[in-house]
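Asks:
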Amino acid sequence: MNHDLEDIAIVGGGLAAIRTAQGLRGLGFGGRIHMYSDESEPPYDRPPLSKDFLTGALDTGGLHLLNPKALATLNLDIHLDSEVVALDPGGRRLTLADGTTVPYGRLVVATGAQARRLPGLAPSPRIHYLRTVDDARALRTALANASRITVVGTGFIGLEVASSIRHLGLEVDVVAADEGPMIGIVGRRLSRWLTDLHTAHGVRLTNSVVVSSVEESATDVSVTLGDGTSRSSDLVVVGVGVSRELQWLREAGLEVDRGLVCDADGRTSDPFVFGVGDIVCLHTGAEHEDLQHWTAAIDSARRTAHALLGIEHSHDPSDGFFWTEQHGRRLQFVGTGKVDAETDVLSGSIEEGKFVAHLRSGSTVTGVFASNSPREFLEARRAFQKQTAASTAG
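For the sequence shown, UniProt numbering puts the final residue at 394, and the numbers step up evenly by one.
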């Protein structure tokens, strides 16, 4: 491959990668953009993998972030099934898994995150992790011949998978080390509400337990918990957060912490290397902040595209917005939460499942949570953004 040293290479093929490419083209960049992805599909949306794609309501084409015509207009050199395994910042070259080396002018690292694996629990026909479309395909196929599933974890993925499994009419047990579903984000009161929501839809939840061992047989898989009890099922789905592949970046001499350390514009410790999306660990003064939400990936891609081209732009901080769908409920959140967050209902009723609530630490509102109240949530989100901006300016 012959690359001009002013070419921009993007490592990764997800949301942050394609939004960076779109941003560059939208700002007038006419040079070549090479995108290296270790996946077999063009850029696609991950949130539906645990929901509509898993239930069969959405096919692979429906996942794609751009249709073929829109993708073609970006004039990208997309290299699928091309894993980057090494980086030489001094020579500005990338090494692919097949041994090929390619030059770059500037580099954008957009490799995202991977499903965190439990120690000693490798994927198998009966043990599944969910991060990629291939993971989702394998799980969807396995579910067609299953009747009872054990889900490990009560974060977004675990709860969404449990909801989808019940939608398919299958039995599901959910076990987790946390005190309650999403408790570290929504606090105890709303976590109890989530517990009731899942229980009402037939999900069996067991909290505050760890997985001690997992044994597979020809007919089932048994999960033994720290309290001595066990769960026997056809499949196990593990959803216990994510990790980042940082070794190749560390070996290249880039500054890494929990992720690739970047400033708000995606700049790393190397002037020719930038980072966007889930791989980024944002350097904010004395602290490093993770960027692991859908909207944060879009925001970081926009800022980095401007920085790559030296164009000034606004530095509006991400407000931490995310959403999830569980048992027909659209749940939306903005801000930050804690286990001991207080809950103040702004509108609706928690008991009826349609409400907007503030999360509060002392007298400070730290977040907004809503269930099936998109219009009211939008109003509360705007007010929260104004409050946050005012407190930051003050």
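Don't be surprised by glycine CBs; every beta carbon is placed ideally from N, CA and C.
Short check: CB of P181 to CB of L194, under 8 Å?
Replies: Working through the sequence shown from its first residue, we reach residue 181 at position 181. Working through the sequence shown from its first residue, we reach residue 194 at position 194. Yes, these two residues count as a Cβ contact at 8 Å.
Asks: With which residues is V356 paired in a DSSP beta bridge?
Replies: To locate residue 356, count along the sequence shown from 1; it is residue 356. DSSP lists S347, A370 as partners of V356.
Asks: In the structure shown, what three-state DSSP assignment does H128 receive?
Replies: The residue labelled residue 128 in the question sits at position 128 within the sequence shown. Looking at H128 - three-state DSSP - the assignment turns out to be strand.
Asks: What first and last residue would you give for the beta strand (DSSP E) that runs through D173?
Replies: For this step, residue 173 is matched to residue 173 along the sequence shown. Looking at the DSSP string, the run of the beta strand (DSSP E) that includes D173 is 171-175.
Asks: Going by the CB atoms, is the gap between R231 and D299 shorter than 8 Å?
Replies: As a working note, residue 299 is residue 299 in the sequence shown. As a working note, residue 231 is residue 231 in the sequence shown. Going by C-beta atoms, D299 is not nearer than 8 Å to R231.
Asks: From the DSSP output, which residues share a beta bridge with residue 395?
Replies: One cannot answer for residue 395 here, as it falls past the ends of the chain, which runs 1 to 394.
Asks: Who are the Cβ neighbours of E325 in its own chain at under 8 Å, not counting the five residues just before and after it?
Replies: For the purposes of this step, residue 325 is identified with residue 325 of the sequence shown, where counting begins at 1. K51, E160, S163, L331.
Asks: Looking at C-alpha atoms only, which residue of K386, H198, D45 is the closest neighbour of N67?
Replies: Sequence index remark: in the sequence shown, residue 67 carries index 67 (1-based). Ranking the options by Cα distance to N67, first place goes to D45.
Asks: Based on DSSP bridge pairs, tell me the residues matched to W323.
Replies: Your numbering for residue 323 matches position 323 in the sequence shown. The partner list for W323 (beta bridge, DSSP) reads Q332.
Asks: Assign G31 to one of two classes, buried (16 or more other C-beta atoms within 10 Å of its C-beta) or exposed (fewer than that).
Replies: Taking the sequence shown and counting its residues from 1, the one referred to as residue 31 is at position 31. With fewer than 16 other Cβ atoms within 10 Å, it is exposed.
Asks: Inspect the CB distances between the region 108-122 and the region 13-23 and report whether three or more fall short of 8 Å.
Replies: Enough Cβ pairs lie closer than 8 Å, so yes.
Asks: In its own chain, which residues sit with a C-beta less than 6 Å from the C-beta of D81, not counting the 5 before and 5 after it?
Replies: As a working note, residue 81 is residue 81 in the sequence shown. So the qualifying residues of the chain are S40.
Asks: If distances are taken between C-alpha atoms only, which option among I33, F53, F384, D98 comes closest to T73?
Replies: Your numbering for residue 73 matches position 73 in the sequence shown. The option with the nearest alpha carbon to T73 is I33.
Asks: So, V186 versus G362, is the Cβ gap smaller than 8 Å?
Replies: Along the sequence shown, read from residue 1 onward, the residue named residue 186 stands at position 186. Along the sequence shown, read from residue 1 onward, the residue named residue 362 stands at position 362. No, Cβ-Cβ distance for V186 and G362 is not below 8 Å.
Asks: Would you give the residue range spanned by the alpha helix (DSSP H) that T195 belongs to?
Replies: Here residue 195 refers to the residue found at position 195 of the sequence shown. From DSSP, the alpha helix (DSSP H) with T195 extends over 183-200.
Asks: On the premise that L130 lies in contact with I157, defined as a C-beta separation below 8 Å, what is that separation, rounded to the nearest angstrom?
Replies: Within the sequence shown, residue 157 is the residue found at index 157, counting from 1. Within the sequence shown, residue 130 is the residue found at index 130, counting from 1. I157 to L130, Cβ: 6 Å. Contact.
Asks: Look at A370 and F377 and say whether their C-beta atoms are less than 8 Å apart.
Replies: One-based indexing of the sequence shown puts residue 370 at position 370. One-based indexing of the sequence shown puts residue 377 at position 377. Their beta carbons are under 8 Å apart, which means A370 touches F377 by this criterion.
Asks: In this structure, how does DSSP classify S37 when only helix, strand and coil are distinguished?
Replies: Residue mapping note: residue 37 aligns to position 37 of the sequence shown, counting from 1. In this structure, S37 counts as coil in the three-state DSSP scheme.
Asks: Spell out a yes or no on whether the region 268-281 and the region 195-208 are touching, meaning 3 or more CB-CB pairs, one atom from each, closer than 8 Å.
Replies: Counting Cβ pairs under 8 Å, fewer than three are found: no touch.
Asks: Quick check: the region 300-317 against the region 344-359, are at least 3 beta-carbon pairs closer than 8 Å?
Replies: No contact exists between the region 344-359 and the region 300-317.
Asks: In this structure, how does DSSP classify P103 when only helix, strand and coil are distinguished?
Replies: Looking up residue 103 in the sequence shown gives position 103. Three-state result, P103: strand.
Asks: In terms of residue numbering, what span does the alpha helix (DSSP H) encompassing E312 cover?
Replies: Stepping through the sequence shown from its first residue, residue 312 is reached at position 312. Looking at the DSSP string, E312 is not in any alpha helix (DSSP H), and its letter there is neither H nor E.
Asks: Starting from H167, trace the alpha helix (DSSP H) in both directions and tell me its first and last residue.
Replies: The residue labelled residue 167 in the question sits at position 167 within the sequence shown. Segment 156-167, the alpha helix (DSSP H) holding H167.
Asks: What are the boundary residues of the beta strand (DSSP E) that includes R93?
Replies: Mapped onto the sequence shown, residue 93 falls at position 93. Counting along the chain, the beta strand (DSSP E) containing R93 begins and ends at 93-96.
Asks: If you draw a straight line from the alpha carbon of V365 to that of L235, how long is it in whole angstroms?
Replies: Translated into positions along the sequence shown, residue 365 becomes position 365. Translated into positions along the sequence shown, residue 235 becomes position 235. Answer to the nearest angstrom: the Cα atoms are 41 Å apart.
Asks: If distances are taken between C-alpha atoms only, which option among P89, V84, A301 comes closest to T100?
Replies: As a first step, residue 100 must be located in the sequence shown, where it is residue number 100. Checking every option, the nearest Cα to that of T100 belongs to V84.
Asks: If you run the structure through DSSP and keep just helix, strand and coil, what is T73?
Replies: The sequence position of residue 73 within the sequence shown is 73, counting from 1. Three-state result, T73: helix.
Asks: So, using beta-carbon positions, are V211 and L225 closer together than 8 Å?
Replies: Counted from its first residue, the sequence shown places residue 211 at position 211. Counted from its first residue, the sequence shown places residue 225 at position 225. Yes, these two residues count as a Cβ contact at 8 Å.
Asks: Helix, strand or coil for T206? Go by DSSP, reduced to three states.
Replies: Against the sequence shown, residue 206 aligns to sequence position 206. Of the three classes helix, strand and coil, the one that applies to T206 here is strand, per DSSP.
Asks: Give a yes or no on whether the C-beta atoms belonging to F322 and P89 are separated by under 8 Å.
Replies: As a first step, residue 322 must be located in the sequence shown, where it is residue number 322. As a first step, residue 89 must be located in the sequence shown, where it is residue number 89. Cβ atoms of F322 and P89: not closer than 8 Å.
Asks: Mind checking whether H315 and A264 have CB atoms under 8 Å apart?
Replies: Here residue 315 corresponds to residue number 315 of the sequence shown, with the count starting at 1. Here residue 264 corresponds to residue number 264 of the sequence shown, with the count starting at 1. Yes, they are a contact pair.
Asks: Using three-state DSSP, classify S147 as helix, strand or coil.
Replies: The residue you call residue 147 lines up with position 147 of the sequence shown. Correct three-state label for S147: coil.
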